[in-house]
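Chemist: Let me begin by handing over the structure; questions about it come next.
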Amino acid sequence: MTLHSPRAVAALTVPVLAGLALAGCGASADSKNFAFTYAVANSGVSPYEELAKAYMQENPDVTIELNALPNDSYAETVLTQLRGGNAPDVMLTAAGSGEQNSIVPLVEADLLAPIDASARDLVAPGSEPLFEVDGDIYGVPMGITVSGLVVAGAGLQPLGVDPFPTTLKDFIAKCGDLSEMGMSFIVLAGAAPPNTGLAAMTVAASAVYADEPDWNAQREAGDVTFSDSDGWRETLDTVIALHDGGCFQEGAEGAGFDVITNNLQQQIALGAFIPGNSIGELLTSAPDANWLIEPFPTESGDPFGLVSSSYALSVPAAASNDAAAQAFVKWVAEPAQAEMFAELSNALPAVGYEDMDLSQTVYAPVANILKNGAFTTVPNATWPNSAVFDALATGVQGLLTGQVAPEQVLADMDAAWDR
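Okay, structure coming up:
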């Protein structure tokens, strides 16, 4: 497999019905046509759209209705569709149990259908519980997502941020320098819970899970709590320090995902807390920025990150065109398509990435993290319900506005866990 450099993503050219309606169903039962709903962070070309185009190119008698929904409201929207009997035929889901559109709770609510067992070939060892329930698999893993800071590498040296800071102290010092230039080191969508939550979990990777990789299991056993965790308190204190140090843009607490795209494109921010595979979409708006994934700086200077198979394609139990949907996800699970999607999205393949040469790719700064296993999975993938993540995400919003204290956020997370 050849991973793209930060320059371009190949485009496929076939007609596509790109309906943006929220309705999930567009074709009649037993049709070869089906509806596919997925999340997008901006108006750029989505790798999911390109994947659908490739399928239609191979199957000219198939038309896929594409429903691209905003990332910040995606989970809530599709959950409403599923519960309201208006499900799409194929949808983007989250691995594990920590989000509203996570596989495990959707299966437990009888809202997803099992898919072909061939999808197991794409599940990274140890990640089976994130995609399987009672021996059946319910999602095709869509590659490996590395989360840290996605940065415009072309701007680092001209702005005096080369080498990239490895310690939190040095990072915050650079934030002050950039702020004086009218820029921000990080553009944060403070009004979008998916972004505030991911920001906090990125910090927690080193603050909590580097020393206690089994912290979630300890919490499940009742041996620890968020409120009593020094690491989680450090996480929230770090968010406050980033805010107070000028690392975020002015008005971050009211910003949506569109501000991330705009500020990065206009070069008034260097980076953002977004999944590494979002680079594929950023390339359409800023192709010459030399996008890179940098590990978030730590107190010690030792890099540690978030790496996981976070997203999947699933078939709702109420899909109107189940046979067509099942044929599509089985096709997606084939090695050729898995490799194609990884290239389109600038993601990594779900298995075998450890042996890849990443030196000329967007993953070069985190290559050693991947090689050495210095990472944890996204914490909320194994949290018992989406309310814990919601408490964290909205809590970070409260920290930005000064309306809540870290102690309250941690107490709310404990209460959500114990529901």
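The numbering used here puts the first residue of the sequence shown at 1363, with every later residue one more than the last. For every residue, glycine included, the Cβ atom is placed at its ideal position computed from N, Cα and C.
Roughly how many whole angstroms lie between the Cα atoms of residue 1436 and residue 1457?
Modeler: Rounded to the nearest angstrom, the two C-alpha atoms are 15 angstroms apart.
Chemist: Report yes or no: do three or more beta-carbon pairs, one from the region 1631-1640 and one from the region 1498-1510, lie closer than 8 angstroms?
Modeler: The region 1631-1640 is in contact with the region 1498-1510.
Chemist: Excluding five sequence neighbours on each side, which residues of the same chain lie with their C-beta closer than 7 angstroms to the C-beta of residue 1572?
Modeler: Hits under 7 angstroms: 1666.
Chemist: For residue 1455, which option in 1466, 1555 and 1740 has the closest C-alpha, if you only look at C-alpha atoms?
Modeler: Checking every option, the nearest Cα to that of residue 1455 belongs to 1466.
Chemist: Among the candidates 1559, 1727 and 1691, whose CA atom is the shortest distance from the CA of residue 1760?
Modeler: The candidate whose alpha carbon is nearest that of residue 1760 is 1559.
Chemist: Report the rounded CA-to-CA distance for residue 1449 versus residue 1532, giving the unit in angstroms.
Modeler: Roughly 48 angstroms separates the two Cα atoms.
Chemist: Just how far apart, CA to CA, sit residue 1729 and residue 1650?
Modeler: Each residue's alpha carbon lies about 22 angstroms from the other.
Chemist: Give the secondary structure of residue 1355 by DSSP, where H, G and I count as helix, E and B as strand, and everything else as coil.
Modeler: With the chain represented from 1363 up to 1781, any question about residue 1355 goes unanswered, as that position is not in the structure.
Chemist: If you draw a straight line from the alpha carbon of residue 1410 to that of residue 1479, how long is it in whole angstroms?
Modeler: Approximately 21 angstroms, taken between the alpha carbons.
Chemist: Please determine, among 1514, 1511, 1536 and 1512, the residue with the shortest C-alpha to C-alpha distance to residue 1522.
Modeler: Nearest C-alpha to residue 1522: 1536.
Chemist: Touch check for the region 1706-1725 and the region 1476-1491: three-plus C-beta pairs under 8 angstroms?
Modeler: The region 1706-1725, when compared against the region 1476-1491, does touch it at the 8 angstroms Cβ threshold.
Chemist: Report yes or no: do three or more beta-carbon pairs, one from the region 1657-1666 and one from the region 1421-1431, lie closer than 8 angstroms?
Modeler: As far as the Cβ criterion goes, the region 1657-1666 does not touch the region 1421-1431, which means the pair count is below three.
Chemist: Nearest CA to the CA of residue 1768: which residue from 1434, 1593 and 1538?
Modeler: Comparing Cα positions, the closest option is 1593.
Chemist: What are the partner residues of residue 1656, as DSSP defines its beta bridges?
Modeler: Partner(s): 1511.
Chemist: Starting from the Cα of residue 1529, find the closest Cα among 1473, 1569 and 1660 and give me that residue.
Modeler: With distances taken between Cα atoms, residue 1529 lies closest to 1660.
Chemist: My parser needs the alpha helix (DSSP H) runs of 4 or more residues fully inside the region 1673-1759; what are they?
Modeler: Whole alpha helix (DSSP H) segments, 4+ residues: 1684-1694, 1697-1707 and 1729-1734.
Chemist: Measure the alpha-carbon distance for residue 1541 versus residue 1525 and round it to whole angstroms.
Modeler: Roughly 18 angstroms between the two C-alpha positions.
Chemist: Pick helix, strand or coil for residue 1775, following the three-state DSSP scheme.
Modeler: Residue 1775: helix per DSSP, three-state reduction.
Chemist: Report the option in 1407, 1440, 1771 and 1780 whose CA atom is closest to the CA atom of residue 1642.
Modeler: The shortest C-alpha separation from residue 1642 is found at 1407.
Chemist: How many Å lie between residue 1498 and residue 1477 at the Cα?
Modeler: Answer to the nearest angstrom: the Cα atoms are 8 angstroms apart.
Chemist: Strictly by DSSP, which residues pair up with residue 1529?
Modeler: BP columns for residue 1529 point to 1660.
Chemist: For residue 1455, which beta-bridge partners are listed by DSSP?
Modeler: Paired residues: 1674.
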